[in-house]
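Trainee: Can you read through this structure? Questions will come right after.
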Amino acid sequence: MLTFFRVLKFALQDFYRNFWLTLVTVSVLVLALFSVNVLITLKSVSDSIIDNVHKRVDINVMLVSDTTEAEVTNFRTFVSNIPEVAEAGFLSKDAVMEEFKQNNIDNPDIQAAIEELDTNPFNDTIVIKAVNTDDYDLILQKIIASEYSTLIDNNDFSDPQKIISFVQSVSHKVERFGLFIACLFGLIAFLIVFNTIRVTIYTHKEEIGVMRLVGATNWFIRMPFILASALYAFVSLLINVGLIYLFINLLSPYLDTFLADYNFDLAAYFNHNFWLIFGLEFILVVVLTVLSSAFAIRRYLKV
Amino acid sequence: MIKLRQITKLYKPNTYALHCVDLHIKDKEFVSIIGQSGTGKTTLIRLLTAEEKPTKGQLIVGGWDITRIHRRDVPILRRQIGVIYQDFKLLNQKTIFENIAFALQVCGTSRSTINKVVPQVLRIVGLESKISRYPWQLSGGEQQRVGIARALIHHPKILLADEPTGNLDSINTREIIALLKKINELGTTVMLVTHDKDVVNLLKKRVVTLDQGRVVSDQKVGRYML
Ligand SMILES: Nc1ncnc2c1ncn2[C@@H]1O[C@H](COP(=O)(O)OP(=O)(O)OP(=O)(O)O)[C@@H](O)[C@H]1O
Ligand SMILES: [Mg+2]
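Chains as they are written, first to last, in this note's numbering: chain A, 1 to 303; chain B, 304 to 529.
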């Protein structure tokens, strides 16, 4: 225990004696960590967008105006029996009209235009929810291939799928780029820590020589360097946590307006996953720094 | 206390620093090792502190065969052997007290023991009044005495001195040699490597002469004869 505290003390001394070296090392580690967190943020935002789009996109199948009630019932039964369909709801044309009015309640022009109408321009509609949103195309194909295809009035179903695939492709690209950046920073951080430990070993050459001379154990000679590198990891993680919450606070007003429809709260996301995200990052960055200092020690601290 | 059997040290590719050296140094003996430059005196010291391993032969220190000593055991060996050098090897940013305390700290000695033991060894070498000075505020002779104090801190059975007076004038040299003699009389085996003719003649102790890695003479009461 005594020796442990002594090793810790030596490690801490290195930490503030080489102030600039420490600053550079910690900065690079913070950058690496920050880029990982930006990646996590982007991923969570895009996931939540996709999730929400998934939840709210239904296939609205408009029926031709002279469809009979029996036909509607048969059609709904048929759709419900498609295995990929979770639910097939029915909206009468009056209900559709009402919904349209509600959606455009702020728009006086549209309200006026509706008032002008004698007849309801909308049709009865079957609202289909899929078990899995990827199956929308399949469901549509099955419906179109069926005997009920003559009942269908609309000819464009694909909008929601387009949004989803757009968001997906953008987020994939961003993810891949972010991953690349994070790996790059990780590599740079590895090299910087390696160099920092190398320089620290060099500046302590005399002391290390004396330690050997008087019979300090290898463990005691090496441990301060390992510990110092773990301290780099710890300090940079703390700074990173502070930075992330600052970032969230600055960003969330914009994000909130942008994502208003998706009820996504970044701060809540980070709070909820605090230990998972930062714990994992800590482990990752400790492994990185300790590994890199171990390499430097092997290379430059011959015992 | 120290036994060398047919010790050969080859520095690749073809420098024989030591060649088939047989040497037996008894407990509490005071031995001077002399010889021209490059004849393997420092190499001998480095073998005894396990900084180098012999190419051939057997090396026994205090009954312990250290010929193939494991890395893990090297610190244990070094705590039983004190070494002093021509260049003192003191840390300039530490005071005298801290320099000696450092040797104990890195071996896990408690603070209270350190505070007790350090002034004691400083008293042995006569430097208790300069305990909070820095090495650069001391004369060469005083610095070497600090070196000796540090070497004695673990109460070693053996003290190795590699040209400890090489950087000192004759007055300081005499003081250091007198100190080494005193330490020897207190029961420590001393092995002194030196170039200094006066030192050897003054000591009237055993002298081993090396030449090109071989022992060429071994006298009970030696004189410098190169
Ligand atoms: N690490 C090394 N690698 C190769 N050769 C070495 C090494 N150390 C010493 N030597 C060689 O071994 C021989 C003995 O060296 P050593 O240092 O033991 O001499 P010395 O007797 O101490 O000399 P001096 O009186 O000048 O200090 C020399 O020829 C030297 O060049
Ligand atoms: Mg030498």
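Think of the CB as a built atom: it goes at the ideal place given N, C-alpha and C, for glycine as much as any other residue.
All of these numbers come straight from a predicted model, not from anything done at the bench.
Counting only Cβ pairs nearer than 7 angstroms, list the residues of chain B close to Gly209/A.
Mentor: Counted from its first residue, the first sequence places residue 209/A at position 209. Per Cβ cutoff of 7 angstroms: Lys392.
Trainee: Give every residue of the same chain whose Cβ lies closer than 8 angstroms to the Cβ of Ile201/A, excluding the five residues on either side of it in the sequence, and list them in chain order.
Mentor: Mapped onto the first sequence, residue 201/A falls at position 201. Cβ neighbours of Ile201/A beyond the five flanking positions: Ile208, Phe225, Ala296, Ile297, Tyr300 and Leu301.
Trainee: Check the Cβ-Cβ distances between Val409/B and every residue of chain A, and say whether any is below 7 angstroms.
Mentor: Counting from one through the second sequence, the residue named residue 409/B turns up at place 106. Yes, Val409/B lies at the interface with chain A (some Cβ there is under 7 angstroms from its Cβ).
Trainee: Based on Cα-Cα distance, which residue from Glu99/A, Ala32/A, Leu246/A and Arg76/A lies nearest to Ser236/A?
Mentor: Counting from one through the first sequence, the residue named residue 236/A turns up at place 236. The shortest C-alpha separation from Ser236/A is found at Ala32/A.
Trainee: Would you say Asp58/A and Ile128/A are within 7 angstroms of each other, going by their C-beta atoms?
Mentor: Residue numbering aside, residue 58/A sits at position 58 when the first sequence is read from its first letter. Residue numbering aside, residue 128/A sits at position 128 when the first sequence is read from its first letter. Yes.
Trainee: With a 10 Å radius around its C-beta and 16 neighbouring C-beta atoms as the bar for buried, classify Arg212/A as buried or exposed.
Mentor: Counting from 1 along the first sequence, the entry for residue 212/A is found at position 212. Label assigned to Arg212/A: buried.
Trainee: According to DSSP, which residues form a beta bridge with Gln141/A?
Mentor: The count along the first sequence starts at 1 and reaches residue 141/A at position 141. Paired residues: none, contrary to the question.
Trainee: Ligand 2 heavy atoms versus the CB of Thr345/B: any closer than 6 angstroms?
Mentor: Position 42 of the second sequence, counting from 1, holds the residue named residue 345/B. Yes, the beta carbon of Thr345/B sits closer than 6 angstroms to at least one heavy atom of ligand 2.
Trainee: Closest to Ile595/B by CA distance: which of Arg526/B, Asp501/B, Asp521/B and Asp465/B is it?
Mentor: Here chain B comprises residues numbered 304 to 529, so residue 595/B is not present and cannot be evaluated.
Trainee: Determine the contact status of Lys356/B and Thr311/B, defining contact as a CB-CB distance below 7 angstroms.
Mentor: For this step, residue 356/B is matched to residue 53 along the second sequence. For this step, residue 311/B is matched to residue 8 along the second sequence. No, these two residues do not count as a Cβ contact at 7 angstroms.
Trainee: In chain order, which continuous runs of the beta strand (DSSP E) of length 3 or greater are located wholly inside the stretch 215-303 of chain A?
Mentor: With a minimum length of 3 residues, no continuous beta strand (DSSP E) run stays inside the stretch 215-303 of chain A.
Trainee: Is Tyr300/A near ligand 1, going by C-beta to nearest heavy atom under 6 angstroms?
Mentor: On the first sequence, position 300 is the one that residue 300/A refers to. Result no, Cβ not under 6 angstroms from ligand 1.
Trainee: Is the stretch 30-49 of chain A close to the stretch 307-324 of chain B, with three or more CB pairs under 8 angstroms?
Mentor: Judged by Cβ distances under 8 angstroms, the stretch 30-49 of chain A makes no contact with the stretch 307-324 of chain B, as fewer than three pairs qualify.
Trainee: Taking contact to mean at least 3 C-beta pairs separated by less than 8 angstroms, is the stretch 243-259 of chain A in contact with the stretch 188-198 of chain A?
Mentor: Short answer: they don't touch.
Trainee: Consult DSSP for Glu87/A and reduce its assignment to one of helix, strand or coil.
Mentor: If you number the first sequence from 1, residue 87/A lands on position 87. Strand, per DSSP.
Trainee: Is the Cβ-Cβ distance between Thr497/B and Ser340/B less than 7 angstroms?
Mentor: To locate residue 497/B, count along the second sequence from 1; it is residue 194. To locate residue 340/B, count along the second sequence from 1; it is residue 37. No, they are not a contact pair.
Trainee: Reducing DSSP to helix, strand and coil, say where Asp14/A ends up.
Mentor: Counted from its first residue, the first sequence places residue 14/A at position 14. If DSSP states are grouped into helix, strand and coil, Asp14/A belongs with the helices.
Trainee: Which of helix, strand or coil does DSSP assign to Leu117/A?
Mentor: Walking along the first sequence from the start, residue 117/A turns up at place 117. Three-state result, Leu117/A: coil.
Trainee: Could you check if Gln440/B is buried or exposed, using at least 16 other CB atoms within 10 Å of its CB as the buried criterion?
Mentor: By one-based count along the second sequence, residue 440/B stands at place 137. That one is exposed.
Trainee: Would you say Val321/A lies against chain B (beta-carbon separation less than 7 angstroms)?
Mentor: The displayed coordinates of chain A run from 1 to 303. Any statement about residue 321/A would go beyond what the structure contains.
Trainee: Output the boundary residues of the alpha helix (DSSP H) element that contains Ser520/B.
Mentor: Reading the second sequence from its first residue, position 217 is the one you call residue 520/B. Not the alpha helix (DSSP H): Ser520/B falls in the beta strand (DSSP E), residues Arg517 to Gln522.
Trainee: What in chain A is Cβ-close to Phe405/B, meaning under 9 angstroms?
Mentor: The residue given as residue 405/B occupies position 102 in the second sequence. In chain order: Glu207, Val210, Met211 and Val214.
Trainee: Ordered along the chain, which non-local residues of its own chain (more than five positions away) have a Cβ less than 8 angstroms from that of Thr345/B?
Mentor: By one-based count along the second sequence, residue 345/B stands at place 42. The answer, listed in chain order, is Asp465 and Val496.
Trainee: Find the nearest neighbour of Trp275/A within the set Glu116/A, Val241/A and Val26/A, judged by alpha-carbon distance.
Mentor: Residue numbering aside, residue 275/A sits at position 275 when the first sequence is read from its first letter. It is Val241/A whose Cα lies nearest to the Cα of Trp275/A.
Trainee: Rounded to whole angstroms, what's the CA-CA distance from Val324/B to Asp514/B? Just pull it up for me.
Mentor: The sequence position of residue 324/B within the second sequence is 21, counting from 1. The sequence position of residue 514/B within the second sequence is 211, counting from 1. Their Cα atoms are separated by approximately 11 angstroms.
Trainee: Give the residues from the stretch 316-335 of chain B that approach chain A closer than 7 angstroms (Cβ to any Cβ), ordered along the chain.
Mentor: From the stretch 316-335 of chain B, no residue has a Cβ closer than 7 angstroms to chain A.
Trainee: Measuring alpha carbon to alpha carbon, tell me which residue in Met62/A, Met97/A, Thr73/A and Ala189/A is nearest Leu140/A.
Mentor: If you number the first sequence from 1, residue 140/A lands on position 140. Closest by alpha carbon: Met62/A.
Trainee: Any heavy atom of ligand 1 within a distance shorter than 6 angstroms of the CB on Gly341/B?
Mentor: For the purposes of this step, residue 341/B is taken as the residue at position 38 of the second sequence. The answer is yes for Gly341/B.
Trainee: Does the stretch 143-155 of chain A come close enough to the stretch 11-30 of chain A to have 3 or more Cβ pairs within less than 8 angstroms?
Mentor: Verdict: no, contact absent.
Trainee: I need the straight-line Cα distance from Leu184/A to Val79/A, nearest angstrom please.
Mentor: One-based indexing of the first sequence puts residue 184/A at position 184. One-based indexing of the first sequence puts residue 79/A at position 79. So the alpha carbons of these two residues sit roughly 51 angstroms apart.
Trainee: Just list the beta strand (DSSP E) runs in the stretch 377-445 of chain B, keeping only unbroken ones of 3 residues or longer that don't cross its boundaries, in chain order.
Mentor: List check, beta strand (DSSP E) in window: 384-388.
Trainee: For the putative contact between Arg292/A and Val193/A, defined by C-beta atoms under 8 angstroms, what is the C-beta separation to the nearest angstrom?
Mentor: Translated into positions along the first sequence, residue 292/A becomes position 292. Translated into positions along the first sequence, residue 193/A becomes position 193. In the sequence as presented, Arg is not what sits at residue 292/A; that position holds Ser. 4 angstroms between Cβ atoms; contact.
Trainee: I need the straight-line Cα distance from Leu288/A to Val214/A, nearest angstrom please.
Mentor: For this step, residue 288/A is matched to residue 288 along the first sequence. For this step, residue 214/A is matched to residue 214 along the first sequence. Between Leu288/A and Val214/A, the C-alpha separation is close to 32 angstroms.
Trainee: Restricting to runs no shorter than 3 residues, where is the beta strand (DSSP E) found entirely within the stretch 306-349 of chain B?
Mentor: DSSP runs (the beta strand (DSSP E)) wholly in the stretch 306-349 of chain B: 318-328 and 333-338.
Trainee: State yes or no: is the beta carbon of Thr200/A nearer than 7 angstroms to at least one beta carbon in chain B?
Mentor: Locating residue 200/A in the first sequence gives position 200, where the first residue counts as 1. Answer no: the Cβ-Cβ gap between Thr200/A and chain B never drops below 7 angstroms.
Trainee: Name, in chain order, the residues that DSSP records as bridge partners for Ile484/B.
Mentor: Against the second sequence, residue 484/B aligns to sequence position 181. It should be pointed out that residue 484/B corresponds to Lys in this sequence rather than to Ile. Lys484/B is not bridged to any residue.
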